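Here is the structure we will look at.
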Amino acid sequence: MSPSETSSFEHIRRIVLCYPVETRHLEQLTRTLDELKSDPSVRLNHDIELVDAGQERIDELLPTADIFIGHAKVPVDWDRVLAAGRLQWIQSSAAGLDHCLVPGVIDEPRIVVSSASGLFAPQVAEQTFALMFGVLRRIGLFERARAVTEFIRRPTDDLRGKTVGIVGLGGNGREITKRLAAWDVRILATDYYPEQKLDEVETLWPADQLDELFAASDIVILTMPLNASTHHAVGARQFSKMKPGGYLINVARGQVVRETDLVDALQSGHLAGAGVDVTEIEPLPEESPLWADPNVLITPHVGAQSSRRVDDTTDLVCINLRRYFTDQRLYNRVDKRLGFPHPNDSYRVASQS
């Protein structure tokens, strides 16, 4: 179904933004809308108001939006938004959509949702490698030693020769896989689309075969989305399947892991270490045992940070605005039940082809 089948362009009067745009980004968006208005093939004969709500005003202004672009990091009254009956398209500035895929949005067929899936996959891959090498080479332990001026050689571990399992071959998982292949490792994976296998992956299982992946892997990297089926999908059962001395790297969402089970697996020594960019509760509570574990590296959900983040986001938004108003299928249009796009709709794949 194309955007025009779910929305009337005549009724699109306001776009509400909620990501950290600067003046130049607003000018870029305005130029795109002006170009669309001047294009005789586009059914758009009126001005569209751009409103930069920011986090401070998004709850107030979202019910007035026909199109919402951004990521509300504060509570939003979605019942009020849906009751207003205006919203037709959500273009998320994030890959994860737990901030907007509430039941009412999922069930409303006229609301199209697209994401930033894969847009920051290079950055997430870099963060994954930072955490993975950090736990393998015991950087956390050596940093603690540095704090007390202790210069003692201690055992480290190697990536070479390991079996690495990747849970989720979306934009981030595919980018990690391609970079990981150069490190002389065996790569396994699970995904909702097991027919979309990469050459670098030895075995690709369906998404529900986590037990098989954990049992075969020395290192497991989580890159799956957060939805009803993945909430607490990783816990004691999966950790028990791993060989002793395994590692977990989580650059997905904290809630996909039952964190108490992760702590138990680390404290028992069954897991040798973990690197987490996301935690079940954010910020991670001060009393969490993860803080004190020298075999755990913690970063505060910075995997997708980039010096070009807002620039790249705005570029994607402008491309999708053109596609929306010219009846083309949006890049990264998501299956709202699953919470992510089909690989064939991936903007990153399209931009590299």
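Under this note's numbering, the first residue of the sequence shown is numbered 372, with each subsequent residue one higher. Backbone N, C-alpha and C fix where the C-beta goes; we use that ideal spot for every residue, glycine too. Predicted model, so just to flag it, every value in this text is computed and none were measured.
Query raised in the report: Which runs of the beta strand (DSSP E) spanning at least 3 residues fall entirely within the stretch 660–711, listed in chain order?
Result: 667–669
Report task. Can you check DSSP and say which residues form a bridge with CYS389? Result -> Position 18 of the sequence shown, counted from the start, is the residue given in the question as residue 389. Paired residues: GLY441.
Requested in this report: Put TYR618 into one of helix, strand or coil per three-state DSSP.
Outcome: The sequence position of residue 618 within the sequence shown is 247, counting from 1. Note: TYR618 maps to strand in three-state DSSP.
Query raised in the report: What number of angstroms, rounded off, separates the C-alpha of SER379 from the C-alpha of LEU619?
Result: Within the sequence shown, residue 379 is the residue found at index 8, counting from 1. Within the sequence shown, residue 619 is the residue found at index 248, counting from 1. Since pLDDT at SER379 reaches only 49, below the 50 mark, its modelled position is unreliable, and the value read off the structure follows with that caveat. Their Cα atoms are separated by approximately 47 Å.
Query raised in the report: Curious, which full-length alpha helix (DSSP H) runs of at least 4 residues does the stretch 501–554 contain?
Result: 510–518 and 542–551
Report task. State the Cα-Cα distance for the pair LEU575 and GLN399, rounded to the nearest angstrom. Result -> Stepping through the sequence shown from its first residue, residue 575 is reached at position 204. Stepping through the sequence shown from its first residue, residue 399 is reached at position 28. LEU575 and GLN399: Cα-Cα distance of roughly 41 Å.
**Report entry** Alpha-carbon spacing of THR394 relative to VAL688, whole angstroms
**Finding:** For the purposes of this step, residue 394 is identified with residue 23 of the sequence shown, where counting begins at 1. For the purposes of this step, residue 688 is identified with residue 317 of the sequence shown, where counting begins at 1. Cα to Cα, the separation comes out at about 15 Å.
Report task. Look at the Cβ atom of ASN621, then the Cβ atom of SER486, and state whether they are nearer than 9 Å. Result -> Position 250 of the sequence shown, counted from the start, is the residue given in the question as residue 621. Position 115 of the sequence shown, counted from the start, is the residue given in the question as residue 486. In this structure, SER486 does not lie closer than 9 Å to ASN621 by Cβ.
Query raised in the report: Can you tell which of ARG515, SER639 and LEU530 has its C-alpha closest to the C-alpha of ILE523?
Result: On the sequence shown, position 152 is the one that residue 523 refers to. The shortest C-alpha separation from ILE523 is found at ARG515.
Report task. Could you tell me which uninterrupted alpha helix (DSSP H) segments, each at least 4 residues in length, are contained entirely in the stretch 577–659, listed from first to last along the chain? Result -> 581–587, 607–612 and 630–638
Query raised in the report: Can you find a CB in chain C that lies within less than 9 Å of the CB of PRO596?
Result: Given the protein chain composition of this structure (a single chain), no chain C is represented.
Query raised in the report: Looking only at its own chain, which residues have a Cβ that is under 8 Å from the Cβ of SER412, when we skip the five neighbours before and after it?
Result: Working through the sequence shown from its first residue, we reach residue 412 at position 41. Here the set comprises THR697.
Query raised in the report: What is the DSSP secondary structure of LEU421, counted as helix, strand or coil?
Result: Within the sequence shown, numbered from 1, the residue matching residue 421 stands at position 50. Residue state, collapsed to three classes: strand.
Query raised in the report: Contact check, SER677 vs GLN494 under 8 Å by CB: the rounded distance?
Result: Taking the sequence shown and counting its residues from 1, the one referred to as residue 677 is at position 306. Taking the sequence shown and counting its residues from 1, the one referred to as residue 494 is at position 123. Sure, about 5 Å apart at Cβ, within 8 Å.
Query raised in the report: When we look at the beta-carbon of PRO615 and count the other beta-carbons within 10 Å, is it buried (16 or more) or exposed?
Result: Position 244 of the sequence shown, counting from 1, holds the residue named residue 615. With fewer than 16 other Cβ atoms within 10 Å, it is exposed.
Query raised in the report: By Cβ distance, which residues of its chain are closer than 6 Å to GLY617, with the 5 residues on each side in sequence left out?
Result: Working through the sequence shown from its first residue, we reach residue 617 at position 246. Around GLY617: ASP589 and LEU642.
Query raised in the report: To the nearest angstrom, how far is it from the Cα of PRO434 to the Cα of GLN626?
Result: For the purposes of this step, residue 434 is taken as residue 63 along the sequence shown, with counting starting at 1. For the purposes of this step, residue 626 is taken as residue 255 along the sequence shown, with counting starting at 1. Their backbone Cα atoms lie some 28 Å apart in a straight line.
Query raised in the report: Which residue from GLY674, ALA586 and SER464 puts its Cα closest to that of ILE438?
Result: Indexing the sequence shown from 1 puts residue 438 at position 67. For ILE438, the nearest C-alpha among the options comes from SER464.
**Report entry** Limits of the unbroken alpha helix (DSSP H) element including ASP562
**Finding:** Here residue 562 is taken as the residue at index 191 of the sequence shown, counted from 1. No alpha helix (DSSP H) contains ASP562, which is instead part of the beta strand (DSSP E) from 557–562.
Query raised in the report: SER329 lies in the beta strand (DSSP E); which residues open and close that run?
Result: Because the chain here runs from 372 to 724, residue 329 falls outside it and cannot be looked at.
**Report entry** Chain-order list of residues whose beta-carbon lies under 7 Å from that of ARG719 (same chain, five-residue window excluded)
**Finding:** The residue labelled residue 719 in the question sits at position 348 within the sequence shown. GLY489, LEU490, ALA492 and GLY542, listed in sequence order.
Query raised in the report: Which of the three DSSP states, helix, strand or coil, is assigned to VAL413?
Result: By 1-based counting over the sequence shown, the position of residue 413 is 42. Coil at VAL413, not helix or strand.
**Report entry** Under the three-state DSSP convention, the category LEU407 falls into
**Finding:** Residue mapping note: residue 407 aligns to position 36 of the sequence shown, counting from 1. Helix, per DSSP.
**Report entry** For ASP405 and ALA636, the rounded distance between their alpha carbons
**Finding:** Residue mapping note: residue 636 aligns to position 265 of the sequence shown, counting from 1. Residue mapping note: residue 405 aligns to position 34 of the sequence shown, counting from 1. Using only the alpha carbons, I get a separation of about 56 Å.
Query raised in the report: Can you give the Cα-Cα distance for GLY606 and ARG385, rounded to whole angstroms?
Result: Working through the sequence shown from its first residue, we reach residue 606 at position 235. Working through the sequence shown from its first residue, we reach residue 385 at position 14. Cα to Cα, GLY606 sits roughly 44 Å from ARG385.
**Report entry** Contact under 9 Å by Cβ, LEU593 with TYR564
**Finding:** In the sequence shown, the residue the question calls residue 593 occupies position 222. In the sequence shown, the residue the question calls residue 564 occupies position 193. Not in contact: LEU593 and TYR564 (Cβ atoms no closer than 9 Å).
Query raised in the report: Helix, strand or coil: how does DSSP classify LEU432 here?
Result: As a first step, residue 432 is located in the sequence shown; it is residue number 61 there, counting from the start. Helix at LEU432.
**Report entry** Option nearest PRO665 by Cα separation, candidates PRO480, ASP683 and ALA645
**Finding:** Translated into positions along the sequence shown, residue 665 becomes position 294. If we check each option's Cα against that of PRO665, ALA645 comes out closest.
Query - Sequence-distant residues of its chain with Cβ nearer than 6 Å to GLY511 (five each side left out) - result: For this step, residue 511 is matched to residue 140 along the sequence shown. Contacts found: PRO665 and LEU668.
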